[in-house]
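Residue numbers (my numbering), protein chains in the order written: chain H, 1 to 275; chain W, 1001 to 1251.
What follows is the structure in structure tokens.
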């Protein structure tokens, strides 16, 4: 088991006492693709980031078990965490505009990521960056390597982010809404690219998204989160057979080209879902 | 209600909108879809008066629009943006946001109008003295819609009004927009990259690519797959494949 989480809890202090954002989530993950789907505030990002211990400073993390490849994350110090972050588990965030360094070329940033985790010369790092850019299917790696982030389109920027995360050869890739800022055509291309790379390298993938049908196309399993809990876990192909009313509600309230509705169904929330 | 003929917008040497034409009848909705950079938002910004460097002819209710608009134009044509967090002043309460259009247009009975405005977008009266950060994303977008309606406009220009919202909230806001249109006889121009959203709200849809309106078709024709331009066919195929939870995606 690469990732093993049992009864994960993340709480934040508030003036009215502690508020639980993640309330008893258990996930175990091998070399597979898991989608975590939920609305804003459902705790999906906090759950995934707990694996890297990258939580806001005022969050309290607790779990019966939280391990990455046998390493106890809860007991690990910052030094041990640094050996995991980036090197063994990479994180791709939503908007490349904010996660790339604006005053450094794309190639320079990838080379820096490579050198942080491999021993090698600047020249080797540069070659590795070119090779990685080619792997993320950039047609003209030499040109893109020289370009600054503002000279790249959103899709291109996200490919650069993926190349940078792949540089240390991680075993797990966590992608937090990697395509929400992109056009539908580019979105599908990027997800397909991640799916291919993950399969080819035998990596595990955690894909976080609010788009349930989209995720099901690119994952093996999907966990649906609501108010800090996993309310339903399904094989991606079984989405149409989802039984939880929240999952059904999420699927029903989407406008669809193929089935027109005069009025969209609205999600009627049941207090029992978050009890 | 809205007539646009051969609209062109340039940014320096780049022509972002290259001569597009469309017309929207009173009380109807026109949707513009396209990918980022296709020029769809630029059309809306030229129409709303946010960009005065354009050529061509635009008219609202038969009155030709000049590059600089008068006060009456801004009363009759209002805009709702994608990100309500960016379009509401962070240090002004909802009350203040809703009062401003009334002051600008010299409209009386602020008290009554604000209370009715909040009720119309289904916000509780308590929301009146809250700040934007104290509201959820969906509530903020309702405030932005309420503010646009304060001046009793005829036309609403909607720029990706639900793209920043969760799907459950998106359904609520789309239903609200449909209700408001029916109740007030509003004319909408909706810009979105989401084909399903546009087809849900709009009868007529224009597809933009590289600054040109490559195809205009009805929502029924789009649903039925009667598309004539390859870009429309491609967008429709991808959208249909992605909305089905099963089945392959071809790129």
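Backbone N, C-alpha and C fix where the C-beta goes; we use that ideal spot for every residue, glycine too. For clarity, every value in this text was computed on a predicted model and none was experimentally measured.
Look up residue i in the DSSP assignment and give the residues it is bridged to.
i               : result
residue 1204(W) : 1030(W), 1218(W)
residue 1189(W) : 1030(W), 1157(W)
residue 1016(W) : For residue 1016(W), which the question treats as bridged, DSSP gives no partner whatsoever.
residue 236(H)  : DSSP, once it has assigned bridges, lists no residue as partnering residue 236(H).
residue 85(H)   : 89(H)
residue 1107(W) : For residue 1107(W), which the question treats as bridged, DSSP gives no partner whatsoever.
residue 19(H)   : 12(H)
residue 1212(W) : 1209(W)
residue 226(H)  : 229(H)
residue 35(H)   : 207(H), 222(H)
residue 1043(W) : Answer by DSSP bridge pairing: none, since residue 1043(W) is not bridged.
residue 69(H)   : Bridge partners of residue 69(H): none, in fact.
residue 1010(W) : 1015(W)
residue 158(H)  : In the DSSP output, where bridge partners are listed per residue, residue 158(H) has none listed.
residue 54(H)   : The partner list for residue 54(H) (beta bridge, DSSP) is empty, contrary to what the question assumes.
residue 1055(W) : 1008(W)
residue 1078(W) : 1156(W)
residue 1063(W) : 1060(W)
Whole-angstrom Cβ separation of residue i and residue j, contact assumed at under 8 Å?
i               : j               : result
residue 209(H)  : residue 1240(W) : Contact doesn't hold; Cβ gap of about 19 Å is too wide.
residue 1173(W) : residue 1161(W) : 7 Å
residue 1033(W) : residue 1193(W) : 6 Å
residue 1091(W) : residue 1102(W) : Incorrect: roughly 19 Å between the Cβ atoms, too far for contact.
residue 176(H)  : residue 84(H)   : Going by Cβ atoms, the distance from residue 176(H) to residue 84(H) rounds to 17 Å, so no, they are not a contact pair.
residue 1196(W) : residue 256(H)  : 5 Å
residue 155(H)  : residue 129(H)  : That belief does not hold up - the Cβ atoms of residue 155(H) and residue 129(H) are roughly 19 Å apart, past 8 Å.
residue 1157(W) : residue 1047(W) : 6 Å
residue 1167(W) : residue 250(H)  : 6 Å
residue 219(H)  : residue 199(H)  : Not confirmed; about 12 Å, so no contact.
Between residue i and chain C, is any beta-carbon pair separated by less than 8 Å?
i              : result
residue 256(H) : Looking for chain C here will not work: the only protein chains present are H and W.
According to the neighbour-count rule (16 or more other Cβ atoms, all chains shown, within 10 Å of its Cβ), is residue i buried or exposed?
i               : result
residue 9(H)    : buried
residue 276(H)  : This structure cannot speak to residue 276(H), because chain H is shown only from 1 to 275.
residue 1211(W) : buried
residue 1188(W) : buried
residue 1063(W) : exposed
residue 119(H)  : exposed
residue 242(H)  : buried
residue 240(H)  : exposed
residue 1099(W) : buried
residue 143(H)  : exposed
residue 1050(W) : exposed
residue 39(H)   : buried
residue 151(H)  : exposed
residue 68(H)   : buried
residue 125(H)  : buried
residue 1225(W) : exposed
residue 178(H)  : buried
residue 1200(W) : buried
residue 141(H)  : buried
residue 1219(W) : buried
residue 211(H)  : buried
Take residue i and list the residues in its own chain whose beta-carbon comes closer than 7 Å to its own, dropping the five residues that flank it on each side.
i               : result
residue 58(H)   : 12, 13
residue 1018(W) : 1008, 1211, 1212
residue 270(H)  : 245
residue 1041(W) : 1159, 1191
residue 1083(W) : 1164
residue 1087(W) : 1081, 1144
residue 1121(W) : 1142, 1145, 1146, 1176
residue 185(H)  : none
With a threshold of 6 Å on Cβ separation, who are the neighbours of residue i within its own chain once the five nearest residues in sequence on each side are excluded?
i               : result
residue 1055(W) : 1008
residue 1170(W) : 1162
residue 158(H)  : 96, 190
residue 1003(W) : 1023, 1059
residue 1130(W) : 1094
residue 174(H)  : 48, 91, 206
residue 1069(W) : 1049
residue 1016(W) : 1009, 1039, 1042, 1211
residue 114(H)  : 125, 128, 167
residue 1044(W) : 1157, 1159, 1191
residue 117(H)  : 87, 168
Just to confirm my understanding: we take residue i, look at its own chain, exclude 5 residues before and 5 after, and list those with CB closer than 8 Å. What are they?
i               : result
residue 101(H)  : 109, 149
residue 1227(W) : 1215, 1217, 1221, 1233, 1236
residue 266(H)  : 253
residue 26(H)   : 5, 6, 7, 8, 230
Open item on the list: When you compare the stretch 200-220 of chain H with the stretch 24-39 of chain H, are there three or more beta-carbon pairs, one atom per stretch, that lie closer than 8 Å?
Closed with: yes
Task: Contact the stretch 34-51 of chain H vs the stretch 221-241 of chain H: 3+ CB pairs below 8 Å - done: yes
Open item on the list: Using a Cβ distance threshold of 8 Å, determine whether the stretch 1150-1166 of chain W contacts the stretch 1074-1091 of chain W, with at least three qualifying pairs required.
Closed with: Counting C-beta pairs with one atom in each stretch, the stretch 1150-1166 of chain W and the stretch 1074-1091 of chain W have three or more that are closer than 8 Å, which means they touch.
Open item on the list: So, does the stretch 73-92 of chain H touch the stretch 160-169 of chain H, judging by three or more C-beta pairs under 8 Å?
Closed with: yes
Open item on the list: Using a Cβ distance threshold of 8 Å, determine whether the stretch 127-138 of chain H contacts the stretch 69-78 of chain H, with at least three qualifying pairs required.
Closed with: no
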